[in-house]
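Structure, as structure tokens:
There are 2 protein chains.
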Amino acid sequence: MSDSPSLDPVQLGAYFDLIEVTSLLRHAVEQQLRESGDLSYVQFQLLARLGDSPTGSHRMTDLADGVVYSRSGLTYQAGLLEKAGLVVRAPSPDDERSVTVTITDAGRALLAKVLPGHIEVVSGLLFEPLSRDDVKTLAGLLAPVREHMRSTPPRSAAPRRRKDGA
Amino acid sequence: MSDSPSLDPVQLGAYFDLIEVTSLLRHAVEQQLRESGDLSYVQFQLLARLGDSPTGSHRMTDLADGVVYSRSGLTYQAGLLEKAGLVVRAPSPDDERSVTVTITDAGRALLAKVLPGHIEVVSGLLFEPLSRDDVKTLAGLLAPVREHMRSTPPRSAAPRRRKDGA
DNA sequence: AGCGCGATGTTCGAATTCGAAGCAGTACAC
DNA sequence: GTGTACTGCTTCGAATTCGAACATCGCGCT
């Protein structure tokens, strides 16, 4: 099948370290968020994305896609956040079938409360052993990868190949 | 509390891209593994670690620690893998309380069957937009971070590893 | 030797996650 | 205008995940 199905030792090391580093980082961050604001990582990501938006709101699908989450999972999490008063859900003006999620003041407050500790963890774990230039280099390497991944197969490549004319 | 715990835009970008890239990669890999060998990512990681070991075996705790997983979760997964005939569990000769997990021939076979596709996905998604030097640079950046994270105590409680002689 | 402390793995209950199926709303061809 | 396909979100059931409580074993201390 494939010609040479093996990675360089260097590639392998980079891949493993990538997975391991993010696993550890995620784990540490998760604990900090839980302690400081009773939030899961996904919930924090959602609030952060909403808070970062100019309008403070996003569509459900865009949120799910942004944080790489299943639709149903997002419905569940949005319900939790709404019940906690951190976001509000409302039908979209344009598309009646869309639901627009908007962060509330309480949501922004919680985000602000949690953020310093979060940043502290990330700084202490991820950026501690990296110089300023290192970080710049890292960012410069990851950005194209992110672009590439985002533009390759959007998220569904094999349900039905109806319109495979492209 | 602290002075001004905010991250540079560059740091922030690197952090977000890191999370996003691994999320997307993990997702893609997970699907490939599910289709090609009916394995979850954790199961694959466990088999890979066992297959990579000179003895083909590891203690439960070391496995859990290695893949950043909870003990109880590992018990569950080990049970699944054992039921599928991919690994064997046996009490350790030295420590009667330890359980040694060993990969079976079937496990190695499945690993070998799944690996090419796995590597293909990783190559196509992660390494495609990176040159050889880029990968080398990336590996050089991540390795120290990994070391740092591994050697840093988990903030509050500290289930330390055995006091290693080093 | 006896005792307590730490380490190891498992069980248990609760929370989360995902995919498939279902329900609306929208676009588009005819 | 009507029918069909497609998108966006939710419900539902099943599988996984974690932390806390539990039983056991090993080790150091007196």
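Protein sequence lines correspond, in order, to chains C and D. Yeah, the first sequence ends on 166 if you go by the UniProt record's numbering, and it's all consecutive. Yeah, the second sequence ends on 166 if you go by the UniProt record's numbering, and it's all consecutive. We put the CB at the ideal spot given by N, CA and C, even for glycine.
Run through DSSP, which three-state label would D:PRO91 get?
-> Residue state, collapsed to three classes: strand.
Per DSSP, C:HIS58 forms a beta bridge with which residues?
-> C:HIS58 pairs with C:VAL101.
Would you say C:PRO129 faces chain D, with C-beta separation under 9 Å as the test?
-> Cβ-Cβ to chain D under 9 Å: yes for C:PRO129.
Please go through the same chain and pick out, in chain order, the residues whose beta-carbon is closer than 8 Å to the beta-carbon of D:ARG49, but skip the five residues on each side of it.
-> Exclusion of the five residues before and after D:ARG49 leaves HIS58, LEU63, GLY66, VAL67 as the residues of its chain whose Cβ lies within less than 8 Å of its Cβ.
Could you tell me the boundaries of the alpha helix (DSSP H) in which C:THR137 lies?
-> Unbroken alpha helix (DSSP H) run through C:THR137: 132 to 151.
Counting along the chain, where does the alpha helix (DSSP H) carrying C:TYR76 start and finish?
-> 71 to 83 is the span of the alpha helix (DSSP H), which, as asked, contains C:TYR76.
Assign C:ALA28 to one of two classes, buried (16 or more other C-beta atoms within 10 Å of its C-beta) or exposed (fewer than that).
-> Buried, because 16 or more other Cβ atoms sit within 10 Å of the Cβ of C:ALA28.
Consider the Cβ of C:MET60: report whether some Cβ of chain D lies at a distance smaller than 9 Å.
-> Taking Cβ atoms only, chain D never reaches closer than 9 Å to C:MET60, which makes this a no.
Closer than 7 Å at the beta carbon, the chain C residues around D:GLN11 | The contact set of D:GLN11 on chain C, defined by CB atoms closer than 7 Å, consists of PHE127, VAL135 in chain order.
Interface residues of chain D around residue 167 of chain C at Cβ under 7 Å?
-> One cannot answer for residue 167 of chain C here, as it falls past the ends of chain C, which runs 1 to 166.
Between the Cα of C:ARG26 and those of C:LYS83, C:THR152, C:LEU126, spot the shortest distance and give me the residue it belongs to.
-> It is C:LEU126 whose Cα lies nearest to the Cα of C:ARG26.
For the alpha helix (DSSP H) that C:GLU20 lies in, which residues bound it at each end?
-> Residue range 9 to 37 is occupied by the alpha helix (DSSP H) that includes C:GLU20.
For D:LEU86, name the three-state secondary structure that DSSP assigns.
-> Looking at D:LEU86 - three-state DSSP - the assignment turns out to be coil, as it is neither helix nor strand.
Mark D:ASP17 as exposed unless 16 or more other C-beta atoms lie within 10 angstroms of its C-beta, in which case mark it buried.
-> By the beta-carbon neighbour count (other beta carbons within 10 angstroms, threshold 16), D:ASP17 is buried.
Option in C:VAL145, C:GLY107, C:GLU128 with minimal Cα separation from D:THR152 = With respect to the C-alpha of D:THR152, the residue from C:VAL145, C:GLY107, C:GLU128 having the closest C-alpha is C:GLU128.
In chain C, which residues lie with their C-beta within 8 Å of the C-beta of D:LEU63?
-> By Cβ distance, chain C contributes nothing, its closest Cβ being about 14 Å from D:LEU63, past 8 Å.
Find out if the Cβ-Cβ distance for the pair C:SER36, C:LYS136 is shorter than 9 Å.
-> C:SER36 is not a Cβ neighbour of C:LYS136, given a cutoff of 9 Å.
From C:PRO144, C:SER92, C:VAL122, C:GLY107, residue whose alpha carbon lies closest to that of C:ASP52 | The residue with the shortest Cα to Cα distance from C:ASP52 is C:GLY107.
Leaving out five residues on either side along the sequence, give the residues of the same chain with a beta carbon under 8 Å from the beta carbon of D:LEU39.
-> Excluding sequence neighbours, D:LEU39 sits near LEU33, LEU47, LEU110, VAL114.
Who are the neighbours of D:GLU20 on chain C, taking C-beta pairs under 9 Å?
-> GLY66, VAL67, VAL68, LEU142, ARG146, MET149, ARG150, listed in chain order.
Quick one, are the C-beta atoms of D:VAL99 and D:PRO93 less than 9 Å apart?
-> No. Outside cutoff.
With distances taken between CB atoms, is the gap from C:ASP77 to D:ILE19 smaller than 9 Å?
-> First, the residue type needs correcting, since residue 77 of chain C is Gln and not Asp in the sequence shown. Contact check for C:GLN77 against D:ILE19 fails: the beta carbons are separated by 9 Å or more.
Taking C:VAL21 and D:VAL122 to be in contact with their CB atoms under 8 Å, please state how far apart those CB atoms are, rounded to whole angstroms.
-> By a beta-carbon distance limit of 8 Å, C:VAL21 does not contact D:VAL122. Their separation comes to about 16 Å.
What's the C-alpha gap between C:ASP134 and D:LEU141?
-> Cα-Cα distance, rounded: 7 Å.
D:ALA14 beta carbon less than 9 Å from that of C:ALA24 | With the sequence shown as reference, residue 24 of chain C is identified as Leu, and Ala is not the correct amino acid for it. No, Cβ-Cβ distance for C:LEU24 and D:ALA14 is not below 9 Å.
C:LEU130 versus D:GLN11 - alpha carbon distance | If you take the alpha carbons of C:LEU130 and D:GLN11, they lie about 10 Å apart.
Ignore the nearest five residues each way along the sequence and tell me which others in C:GLY56's own chain have a CB closer than 7 Å to its CB.
-> Correct list, in chain order: LEU50, THR102, ILE103.
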